[in-house]
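**Student:** This is the structure I want to talk about, given as structure tokens.
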Amino acid sequence: MPTPKTFVIVGAGVVGLTTALEVKTRYTSSNVTIIAKDLPGDSSPSYASAWAGGNWISCATDNGREEDRDRVTYIKFKDLVQKHPHCGVYGMELRSIYDGDIDKVGVLSVGTNKIWYDDIVGGLRFLAPGELPEGAKFGFDANTFVIDVQRYLPWLQGEALRQGIEVRRVIVDDLRDVPKMFPGVSGIFNCTGLGSLTLGGVNDAQLYPSKGQTYLVQTPLGGIDRMYYRSSLRLGSCNSYVFPRGKHGGVILGGCRLDGNWDGNFDTELGESMKRKCCELAPELGSPEDLRIIKEGVGFRPNRKGGNRIEMEKKYGTMIIHNYGAGGAGYQASWGMARAAVDLLPTMASL
């Protein structure tokens with residue numbers, strides 16, 4: 001009998017957990033271990049997955065790999081909703097509103113000048129002029145998914161444990177230490193997100209933080225049955241979004257995208273502006289004074305110049321596959337990124 005392969009995933013954010021599940025699905029007899037400083041339930045600002053608003057609406061426009069990865073994830077989420085209705089992923093309509101012209105806000109794909117996910121979501125419904133708020137140029141409704149990240153992350157971890165994947169809390173300062181912990185390891189997946197900026201053996205200077213901050217508020221008495229998003233650009237620094245976390249998980253209000261900002265403190269002045277804009281965007285919330293604040297959140301998106309990094313290198317006597325740098329697209333690209341990363345494994349996954 002051949003010796004089972006051993007794979008180690010470093011990082012337990014949404015990308016790391018998803019990658020571990022993808023490895024185990026493809027290499028069922030392998031031994032898979034997740035090692036990470038932060039695990040589901042933790043609340044460090046650097047553990048970006050815990051602070052995400054959480055939904056699927058693609059920001060990819062490359063007419064290529066990034067769109068493909070988002071497509072894979074949409075299809076997977078659709079399957080999860082049907083087979084695991086309590087996993088934290090829920091089908092929900094999203095209303096997107098833009099204050100710029102459609103050809104200038106960054107939603108049209110290269111070479112097609114279309115919104116690529118029109119077909120996959122079952123068709124976009126563009127808003128009539130009378131449905132647009134003051135100052136908006138266009139908007140549309142799409143059938144997509146919202147993610148209660150405080151439910152989904154533990155579900156991913158639980159699914160990993162159910163499949164025999166080991167999860168350990170370990171601080172890794174340098175990738176060269178991982179083969180020492182796991183002699184003979186067949187492959188290491190680096191899914192450390194922004195941690196790869198300072199992780200020994202990687203030290204990726206292309207990474208930088210994009211600070212976001214959110215409120216988690218109590219669901220209004222009348223409920224709220226759709227997500228809202230408004231911005232002048234698809235990836236602008238100032239946007240407003242309202243994402244209900246299922247029926248009983250509260251509502252996430254955001255947001256901001258402050259590139260290069262390492263301040264882990266909640267900006268209360270910005271927060272007041274966020275509350276006002278979100279209440280204008282989603283009338284179901286009432287006035288800012290009506291909001292019942294449950295929690296304030298700050299997280300650092302793992303942005304990377306040139307986009308995410310999914311590539312393999314042979315180092316420290318083993319194979320290292322990097323899968324990080326998703327920015328704010330970690331959830332909506334997670335399953336596609338995991339598939340792309342595992343695709344890099346040779347058939348026998350050994351040197």
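The letter at position 251 of the sequence shown is residue 251 when you use the UniProt record's numbering, and the numbering goes up by one with no holes.
Note that CB positions come from ideal geometry on N, CA and C, so glycine has one too.
So what does DSSP say about Q82, is it helix, strand or coil?
**Tutor:** Position 82 of the sequence shown holds residue 82. DSSP places Q82 in helix when its eight states are reduced to three.
**Student:** With H, G and I counted as helix, E and B as strand and the rest as coil, what does DSSP make of W262?
**Tutor:** For this step, residue 262 is matched to residue 262 along the sequence shown. Coil.
**Student:** Does the Cβ of W116 have 16 or more other Cβ atoms within 10 Å, making it buried, or fewer, making it exposed?
**Tutor:** The residue you call residue 116 lines up with position 116 of the sequence shown. W116 should be labelled buried.
**Student:** Please check the pair F243 and P45, which I expect to be a contact at CB under 8 Å, by giving their CB distance rounded to whole angstroms.
**Tutor:** On the sequence shown, residue 243 is found 243 positions in, with the first residue counted as 1. On the sequence shown, residue 45 is found 45 positions in, with the first residue counted as 1. Not quite, the Cβ-Cβ distance comes to about 19 Å (not below 8 Å), so this is no contact.
**Student:** Please report how far the alpha carbon of G106 lies from the alpha carbon of V8, in whole angstroms.
**Tutor:** Position 106 of the sequence shown, counted from the first residue, corresponds to residue 106. Position 8 of the sequence shown, counted from the first residue, corresponds to residue 8. When rounded, the distance between both Cα atoms is 37 Å.
**Student:** Which term fits G130, buried or exposed, when burial requires 16 or more other beta carbons within 10 angstroms of its beta carbon?
**Tutor:** To locate residue 130, count along the sequence shown from 1; it is residue 130. Looking at its Cβ environment, which holds fewer than 16 other Cβ atoms inside 10 Å, G130 is exposed.
**Student:** Is it a yes or a no for the stretch 203 to 214 touching the stretch 301 to 321, going by three-plus beta-carbon pairs under 8 Å?
**Tutor:** Touching, per the Cβ criterion.
**Student:** Can you tell me whether I35 is helix, strand or coil according to DSSP?
**Tutor:** The residue labelled residue 35 in the question sits at position 35 within the sequence shown. Three-state result, I35: strand.
**Student:** How would you label M181, buried or exposed, when you count the other beta carbons within 10 angstroms and need 16 or more for buried?
**Tutor:** Within the sequence shown, the letter at position 181 stands for residue 181. The residue in question, M181, is exposed, as its Cβ has fewer than 16 Cβ neighbours within 10 Å.
**Student:** I'd like to confirm the pairing. Which residues does DSSP put opposite S231 in its beta bridges?
**Tutor:** As a position in the sequence shown, residue 231 is number 231, starting the count at 1. Its beta-bridge partners are Y98 and N239.
**Student:** Could you tell me the distance, in whole angstroms, from the CA atom of T19 to the CA atom of H322?
**Tutor:** Here residue 19 corresponds to residue number 19 of the sequence shown, with the count starting at 1. Here residue 322 corresponds to residue number 322 of the sequence shown, with the count starting at 1. In a straight line, the C-alpha of T19 is about 11 Å away from that of H322.
**Student:** Whose C-beta lies closer than 7 Å to the C-beta of G250 among residues of the same chain, with five residues either side of it excluded?
**Tutor:** By one-based count along the sequence shown, residue 250 stands at place 250. Only L216, V217, Q218, T219 and I294 meet the Cβ criterion.
**Student:** Pull the bridge partners of R125 from the DSSP assignment, please.
**Tutor:** The residue labelled residue 125 in the question sits at position 125 within the sequence shown. DSSP lists D141 as partners of R125.
**Student:** Would you kindly work out how many angstroms separate the C-alpha atoms of G122 and S96, rounded to a whole number?
**Tutor:** Counted from its first residue, the sequence shown places residue 122 at position 122. Counted from its first residue, the sequence shown places residue 96 at position 96. For G122 and S96, the distance between alpha carbons rounds to 16 Å.
**Student:** Can you give me the Cβ contacts of S29 inside the same chain, cut-off strictly under 7 Å, excluding the 5 residues immediately before and after it?
**Tutor:** Sequence index remark: in the sequence shown, residue 29 carries index 29 (1-based). Cβ neighbours of S29 beyond the five flanking positions: P4.
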